[in-house]
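This report concerns only the one structure given below.
Numbering (the numbering used here), first residue to last: 91 to 266.
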């Protein structure tokens, strides 16, 4: 699943797409790019990207590729360590496979909580000072689509619609 980003200039939606697509849209704006806000659609948080490069990693020379491996402590019960040790490739390879399988399964079904949080972060940045913001956030976390629509009806359509799009997996999932 490709990570998507959304760019706004004030109340106006500029572009949504992968990093290369939004970088191209931001470059096309030119000097006004400093007035743009870029949001990660998965988290709703504002992010920055480097507009100087093309987003491609420089080609590497010979040797082992840099994988970004980080060593950290993992605490497991003895029976877990025994099971991991018996897996092909050892404990680290088995843990990587388990994590990747869980990530892939999670990409197919967006979490309602993650959708609410992404919408919250986006709306806090773009609509936090607008009328109806608090009511919209209450409706968001109550998964009340109609309440959200009513509270946000006076907002610019681009902000209201993008917030609703981010929240859609939460609105589409019944509360338990």
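Where a beta carbon is used, it is the ideal one built from N, C-alpha and C, also for glycine.
Measure the beta-carbon distance from residue i to residue j and round it to whole angstroms, keeping in mind my assumption that it falls under 8 Å.
i, j, result
"residue 108", "residue 94", "6 Å"
"residue 213", "residue 226", "7 Å"
"residue 131", "residue 256", "7 Å"
"residue 248", "residue 103", "4 Å"
"residue 97", "residue 128", "5 Å"
"residue 208", "residue 133", "5 Å"
"residue 239", "residue 206", "The Cβ separation is near 15 Å, so there is no contact."
"residue 242", "residue 222", "6 Å"
"residue 138", "residue 246", "With 8 Å as the limit, residue 138 and residue 246 do not qualify as a contact, their Cβ atoms being about 23 Å apart."
Can you find the residues in the same chain that come closer than 6 Å, C-beta to C-beta, to residue i, ignoring five residues on each side of it along the sequence?
i, result
"residue 215", "136"
"residue 265", "233"
"residue 184", "174, 177"
"residue 263", "202"
Please return the same chain residues whose Cβ sits closer than 8 Å to the Cβ of residue i, not counting the five positions on each side in sequence.
i, result
"residue 99", "119, 122, 125, 126, 127"
"residue 180", "174"
"residue 186", "none"
For residue i, decide whether its Cβ has a neighbour in chain C, counting only Cβ atoms nearer than 8 Å.
i, result
"residue 140", "No chain C appears in the structure shown, which is made up of a single protein chain."
Quick one: what's got a C-beta closer than 7 Å to residue i's C-beta in the same chain, skipping five residues either side?
i, result
"residue 210", "134, 227, 230"
"residue 235", "261"
"residue 250", "242"
"residue 192", "none"
For this session: Only counting runs of 3 or more residues, tell me where the beta strand (DSSP E) segments fall wholly within the stretch 94 to 149, in order along the chain.
Result: Correct list: 95 to 99, 102 to 107, 126 to 130.
For this session: Scan the stretch 192 to 260 and note each continuous alpha helix (DSSP H) run of 4 residues or more that stays entirely inside, going in chain order.
Result: Considered as a whole, the stretch 192 to 260 harbours 202 to 217, 223 to 231, 235 to 241 as its complete alpha helix (DSSP H) runs of no fewer than 4 residues, in chain order.
Exercise. At what residue ranges does the stretch 166 to 193 contain a whole run of the alpha helix (DSSP H), taking only runs of 4 or more?
Worked result: Whole alpha helix (DSSP H) segments, 4+ residues: 168 to 175.
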